[in-house]
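Counting the sequence shown from 1 gives a position; the working numbering is that position plus 657.
All remarks here apply to the structure that follows.
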Amino acid sequence: VPYYNKPTQDGLFQHFTKIADSVDLPIFIYNIPGRSVIDMSNETIAKLSLHPNIIGIKDASNDLSRPLELKKLITHKYFFQLSGEDGTQLSFLANGGDGVISVTANITPGLISQMHSLWFEKKYREAMDINNKLTNLNRAMFLESNPIPVKYAASKIGLCDNELRLPLTEASENTEVIINEALEKLQIGG
658 VPYYNKPTQD GLFQHFTKIA DSVDLPIFIY NIPGRSVIDM SNETIAKLSL HPNIIGIKDA
718 SNDLSRPLEL KKLITHKYFF QLSGEDGTQL SFLANGGDGV ISVTANITPG LISQMHSLWF
778 EKKYREAMDI NNKLTNLNRA MFLESNPIPV KYAASKIGLC DNELRLPLTE ASENTEVIIN
838 EALEKLQIGG
């Protein structure tokens with residue numbers, strides 16, 4: 658969803674349709690009301706799903722009823738629903754979602770992958786155990802605007818430098834302490 662200009666639902670429909678018409682690739686629409694101010698309605702998402710190039714959504718609305726509602730509205734094809742919220746990704750799966758595009762997975766890709774595999778193997782208790790282990794790190798990744806915390810965490814485990822472009826600045830000392838504790842609890846990094 659475009660930020661700043663606060664489009665209407667019809668504006669959103671026309672925006673994504675124009676993009677889908679301009680490419681010969683399958684695309685995912687991205688709904689992130691926390692950054693764009695506008696939440697794409699279920700009806701607009703269902704209408705967009707009629708376009709042959711639009712195959713799914715990354716949904717960061719934290720609306721856990723959305724996967725259920727979209728499955729009722731979109732019956733003409735399989736429409737992939739990926740969570741954009743690390744803290745509720747397992748609940749999203751429980752309500753019919755298909756996966757996640759995760760910030761936390763930049764730090765713990767194996768645990769996120771394992772949790773999802775266990776869920777789809779119907780090993781719910783084991784998936785929930787991993788989800789519980791990830792709670793502190795998931796929360797820490799959003800203490801400040803993304804990507805501030807994940808860049809700090811990634812630098813702590815040697816994946817990159819802790820370098821950001823303005824207007825983003827490095828994580829506060831308090832955020833660093835919380836991230837360090839979460840990483841230590843998971844025995845990640847050094």
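Even glycine gets a Cβ: it sits at the ideal position worked out from N, Cα and C.
Since the model is a prediction, treat every value here as computed from it, not as a measurement.
| Item | Value |
| --- | --- |
| Cross-strand partners of serine 740 (DSSP beta bridge) | Asp716, Val757 |
| Sheet register partners of phenylalanine 799 (DSSP bridge) | According to DSSP, phenylalanine 799 bridges with nothing at all. |
| Integer-rounded CB distance, given that glutamine 671 should sit under 8 Å from threonine 701 | Rounded, the Cβ-Cβ distance is 10 Å, inconsistent with contact. |
| Status (buried if at least 16 other CB within 10 Å, exposed otherwise) for glutamate 857 | Past the edges of the chain, shown from 658 to 847, lies residue 857, and the structure says nothing about it. |
| Isoleucine 712 and asparagine 688 closer than 8 Å at C-beta | no |
| N-terminal and C-terminal residue of the beta strand (DSSP E) that asparagine 688 is part of | 684-688 |
| Boundaries (first-last residue) of the alpha helix (DSSP H) holding leucine 750 | 746-751 |
| Counterpart residues of isoleucine 711 in DSSP-defined beta bridges | Ile684 |
| Boundaries (first-last residue) of the alpha helix (DSSP H) holding lysine 780 | Looking at the DSSP string, lysine 780 is not in any alpha helix (DSSP H), and its letter there is neither H nor E. |
| Of the residues Leu705, Gly754, Thr792, the one placed nearest histidine 733, counting alpha carbons only | Leu705 |
| Boundaries (first-last residue) of the alpha helix (DSSP H) holding histidine 672 | 666-679 |
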